[in-house]
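Per my numbering, the sequence shown starts with residue 72, numbered consecutively.
This report refers to the structure that appears directly beneath it.
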Amino acid sequence: MPQKLFALLGCTLLLAGCEVLFVANTLVGCAMRPEMDILPRELPAARAGEPYWVRIEVVDTSSPLTGIHVSPRQPLPAGLTLEHAERAAHGVIAGTPLTPGVYPLRVYAGSYGTQCVGKKAERSYRLEVLAAH
Numbered sequence: 072m073p074q075k076l077f078a079l080l081g082c083t084l085l086l087a088g089c090e091v092l093f094v095a096n097t098l099v100g101c102a103m104r105p106e107m108d109i110l111p112r113e114l115p116a117a118r119a120g121e122p123y124w125v126r127i128e129v130v131d132t133s134s135p136l137t138g139i140h141v142s143p144r145q146p147l148p149a150g151l152t153l154e155h156a157e158r159a160a161h162g163v164i165a166g167t168p169l170t171p172g173v174y175p176l177r178v179y180a181g182s183y184g185t186q187c188v189g190k191k192a193e194r195s196y197r198l199e200v201l202a203a204h
């Protein structure tokens, strides 16, 4: 009987040690992930009445994205939209801007969590829409 008890106790400690190692490995792995970033760092100027297209890329993500969005408090100018396919690491600002001016906007993105919590990134831009020719 004592041999079975010691064997059971030994297996329990061994398995508990595996869990501790797994949790520690996960925590260290989560802490060592790089911060996500949104590129490009600056947006090229647009011209009113002309088609505009720029790719927005999210880099250093270890899991698929939940989305790339433009803040409603700092939106794109009329005529432009940000399009993003779920889980893709990029999106596109496209359309035909209507009104010249300088537009501050904020783009943000988030990733799904797996063993680690999802990450977030944001970037503030200044989009200049030039007058039509």
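Here a beta-carbon is modelled for each residue, glycine too, at the ideal position from N, C-alpha and C.
- Rounded to the nearest angstrom, the gap between the Cα atoms of S134 and E106 is 12 Å.
- Boundaries of the beta strand (DSSP E) harbouring A165: 161-166, taken from the DSSP string.
- Checking the DSSP bridge columns, you'll see E128 partnered with L110, H161.
- Per DSSP, reduced to three states, the secondary structure at A156 is coil, with no helix or strand assignment.
- Cβ neighbours of E128 within its own chain (closer than 6 Å, five residues either side excluded): L110, H161.
- Judged by DSSP in its simplified three-state form, A202 adopts coil rather than helix or strand.
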